[in-house]
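**Student:** Next up is a structure, given as structure tokens.
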Amino acid sequence: MPVSRLKFESLPHAIFLQRVSGPESATTLEARLGQGAFLALRLVDLLAPDRGPVSQDAFHYQWVATDRFCRELLAAATEGAHVHGIAESASDAYRLGDIRLVSPALFAYAHFLEAELRLEEALDVLMTLLVVVGNRLASTDAVAAQLRFARVHRKLNRFDEADAAYTEAGELATLAGDRYSALLSRIGRANTMLGRGNLADAERRLEGILADARAAGEPDIEARAEQDIAGTLYRMGQSAEAIPRAWRAVRLYEDEDSRLRALSDVGMMLLSLGDAVGAERALVEVFRRGHTQDGVTNAVIELMHCASYRRDHVAFARWRERCEDRLSDMPPNIRADFYLKQGIGQARFGRYRRADVLMKEALAIAGAAGLHEFEFRIERILAGLPDCRRAMAREAQPATEPMVQTAELREVSESLAQLDGLRCLVTGVAVVDVAAVAGAGSIGTRDGGERERNDE
135 MPVSRLKFES LPHAIFLQRV SGPESATTLE ARLGQGAFLA LRLVDLLAPD RGPVSQDAFH
195 YQWVATDRFC RELLAAATEG AHVHGIAESA SDAYRLGDIR LVSPALFAYA HFLEAELRLE
255 EALDVLMTLL VVVGNRLAST DAVAAQLRFA RVHRKLNRFD EADAAYTEAG ELATLAGDRY
315 SALLSRIGRA NTMLGRGNLA DAERRLEGIL ADARAAGEPD IEARAEQDIA GTLYRMGQSA
375 EAIPRAWRAV RLYEDEDSRL RALSDVGMML LSLGDAVGAE RALVEVFRRG HTQDGVTNAV
435 IELMHCASYR RDHVAFARWR ERCEDRLSDM PPNIRADFYL KQGIGQARFG RYRRADVLMK
495 EALAIAGAAG LHEFEFRIER ILAGLPDCRR AMAREAQPAT EPMVQTAELR EVSESLAQLD
555 GLRCLVTGVA VVDVAAVAGA GSIGTRDGGE RERNDE
């Protein structure tokens with residue numbers, strides 16, 4: 135949304151205080167990090183251009199108190215370093231009279247929170263950046279902030295807000311002569327259309343963006359468009375056509391995180407064609423190498439789905455536990471997907487009452503979040519659940535060969551079999567160590583290798 139429409143609530147940054155949910159949690163590291171973020175962002179608020187000037191003594195007093203609290207967090211966690219960095223940059227900005235000095239720290243913290251799926255908190259930090267720094271941002275930073283602001287809204291399924299922010303980002307990028315970011319904003323708008331369930335129009339837009347990206351020599355945009363077209367085709371029930379395009383995106387991407395996101399899509403699509411072996415090869419690779427919380431969470435859900443397809447009770451239970459550990463951080467679309475696929479798994483194991491409860495929970499989550507296409511899909515599955523017993527009896531021994539095979543699909547499967555790090559996991563036609571992978575170690579984001587990008 136335009137910066138002029140952004141307003142703080144009655145208590146700015148209160149979202150961070152929600153980490154303190156009771157007297158026992160008030161002293162935990164998580165609660166202290168939330169309190170530190172609240173204090174650091176309130177210090178940044180003192181620099182806002184629409185408030186009266188703050189005396190040097192008043193600012194110094196608040197800075198000393200904030201610094202004392204945040205300094206204790208500095209070595210405790212990665213997030214503590216982000217929080218302390220914001221407080222320090224606010225002090226530098228006040229001392230040197232340059233509000234733009236807070237921008238890098240706010241960008242970095244918003245990126246961290248988004249990767250950790252703390253989307254409401256990420257949104258709060260981005261709003262602080264847009265309100266406090268505002269039109270004093272450099273043109274490239276203003277475009278990047280609007281793109282990130284739009285993307286977080288989209289992940290929260292707030293499609294109107296996302297579309298408005300993408301539009302503003304595109305206008306700013308065009309004025310600045312930034313062709314790459316202008317194309318990113320168009321991809322973002324197509325994805326909001328996709329999120330609303332308008333698949334045919336989204337595909338047409340994405341094909342147009344793909345053609346423009348090729349003509350402009352922008353391989354990263356080309357990869358994004360290919361991946362999103364693949365996702366659209368998959369949702370239209372055309373997995374055989376979608377997989378080669380998703381694989382093309384894997385090969386076009388140059389950075390690891392984007393490549394793994396596309397690889398996760400390949401795994402999900404392969405399973406829809408009955409290729410559980412190929413799907414697990416792709417998804418285990420994402421699980422083992424993934425850096426981002428949402429990417430790894432999606433891979434874990436899909437691995438749970440693969441396990442139920444293969445009727446592997448042990449692997450299903452272990453991957454389900456992994457998902458449940460992440461449940462509180464899942465945004466609505468991922469949470470609904472988890473409950474739906476857990477319900478499908480319970481039905482495959484003959485637990486139809488439990489399946490019904492889980493699918494209805496998924497339906498309620500999708501309805502509350504306005505995920506209409508998701509709602510329709512869940513309703514169709516729920517409607518067929520009473521007849522599921524007969525279908526499951528026919529599917530008691532799932533096929534070991536994919537239902538559809540083309541030359542392009544065989545090429546993808548052969549490439550997956552050669553992925554580094556998977557040879558010890560795969561023998562013959564079955565992925566034999568998937569349950570062991572599920573039970574080993576904890577899933578978490580890993581530091582290093584991530585770089586800030588103007589992402590859609």
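Quick note: the sequence shown uses the numbering used here, first residue 135, plus one each step. Where a beta carbon is used, it is the ideal one built from N, C-alpha and C, also for glycine.
1) Which same chain residues end up closer than 6 Å to alanine 503 when comparing Cβ atoms and leaving out the 5 residues on each side of it in sequence?
2) Classify alanine 324 as helix, strand or coil using the three-state DSSP reduction.
3) Below 8 Å on the Cβ atoms is my guess for threonine 274 versus aspartate 312; work out the distance and round it to an integer in Å.
4) Count the other C-beta atoms from every protein chain shown that fall within 10 angstroms of the C-beta of proline 643, then say buried if there are 16 or more, exposed otherwise.
5) Going by C-alpha distance, which of His218, Arg454, Pro238 and Gln427 is nearest glycine 170?
6) Look up glycine 424 in the DSSP assignment and say whether it is helix, strand or coil.
7) When DSSP labels each residue in this structure, what does arginine 109 get in the three-state scheme?
8) With three or more beta-carbon pairs closer than 8 Å as the criterion, would you say the segment 185-198 touches the segment 233-247?
9) By Cβ distance, which residues of its chain are closer than 7 Å to glutamate 509, with the 5 residues on each side in sequence left out?
10) Using the beta-carbon count (16 or more within 10 Å), is arginine 401 buried or exposed?
11) Considering only residues of the same chain and omitting the five flanking positions on each side of aspartate 399, which have a CB-CB separation below 7 Å?
12) Quick check on DSSP: helix, strand or coil for proline 378?
13) What separation, rounded to the nearest whole angstrom, lies between the Cα atoms of alanine 324 and glutamate 356?
14) Apart from the five residues just before and just after tyrosine 300, which ones in its own chain have a Cβ nearer than 6 Å to its Cβ?
15) Between Leu173, Ala165 and Leu230, which lies nearest to alanine 211 when the distance is taken from Cα to Cα?
16) So isoleucine 220 and alanine 174 are in contact, right, with Cβ under 8 Å, and what is the actual spacing, rounded?
17) Taking the C-alpha atoms as reference points, what is the distance between arginine 229 and valine 265?
18) Check whether the Cβ atoms of cysteine 457 and valine 430 sit closer than 7 Å, and answer yes or no.
19) From arginine 482 to phenylalanine 172, what does the alpha carbon distance come to, in whole angstroms?
**Tutor:** On the basis of the coordinates in this document:
1) On the sequence shown, residue 503 is found 369 positions in, with the first residue counted as 1. Answer for alanine 503: Asn291 and Pro466, listed in chain order.
2) For the purposes of this step, residue 324 is identified with residue 190 of the sequence shown, where counting begins at 1. In the structure shown, alanine 324 sits in a helix (DSSP, three-state: H, G or I).
3) What you label residue 274 is simply residue 140 of the sequence shown in a count that begins at 1. What you label residue 312 is simply residue 178 of the sequence shown in a count that begins at 1. Yes, threonine 274 and aspartate 312 are in contact; Cβ-Cβ is about 7 Å, under 8 Å.
4) Absent from the model: residue 643. The displayed extent of the chain is 135 to 590, so no value can be given.
5) Here residue 170 refers to the residue found at position 36 when the sequence shown is read from its first residue. Out of His218, Arg454, Pro238 and Gln427, His218 has the C-alpha closest to the C-alpha of glycine 170.
6) Within the sequence shown, numbered from 1, the residue matching residue 424 stands at position 290. In this structure, glycine 424 counts as coil in the three-state DSSP scheme.
7) There is no way to answer for residue 109, as the model of the chain reaches only from 135 to 590.
8) no
9) For the purposes of this step, residue 509 is taken as the residue at position 375 of the sequence shown. Only Leu497, Ala500 and Gly501 meet the Cβ criterion.
10) The count along the sequence shown starts at 1 and reaches residue 401 at position 267. Residue 401 is actually glycine in this sequence, not arginine. Under this definition glycine 401 is a buried residue.
11) Against the sequence shown, residue 399 aligns to sequence position 265. Excluding positions up to five away in sequence, the list reads Gln361, Ala364, Gly365 and Ala380.
12) Start at 1 with the first residue of the sequence shown, and residue 378 comes out as number 244. Of the three classes helix, strand and coil, the one that applies to proline 378 here is helix, per DSSP.
13) Within the sequence shown, the letter at position 190 stands for residue 324. Within the sequence shown, the letter at position 222 stands for residue 356. Near 14 Å, if we compare the C-alpha coordinates of glutamate 356 and alanine 324.
14) Here residue 300 refers to the residue found at position 166 of the sequence shown. Within the same chain, tyrosine 300 has close Cβ partners Ala284, Ser319, Gly322 and Arg323.
15) In the sequence shown, counting from the first residue as 1, residue 211 sits at position 77. Considering only alpha carbons, the answer is Ala165.
16) Reading the sequence shown from its first residue, position 86 is the one you call residue 220. Reading the sequence shown from its first residue, position 40 is the one you call residue 174. At roughly 4 Å, the Cβ-Cβ gap stays under 8 Å, so isoleucine 220 and alanine 174 are in contact.
17) Counted from its first residue, the sequence shown places residue 229 at position 95. Counted from its first residue, the sequence shown places residue 265 at position 131. Taking the straight line from one Cα to the other gives about 20 Å.
18) Translated into positions along the sequence shown, residue 457 becomes position 323. Translated into positions along the sequence shown, residue 430 becomes position 296. Taking 7 Å as the Cβ cut-off, cysteine 457 and valine 430 do not qualify as a contacting pair.
19) Taking the first residue of the sequence shown as position 1, residue 482 is located at position 348. Taking the first residue of the sequence shown as position 1, residue 172 is located at position 38. About 46 Å.
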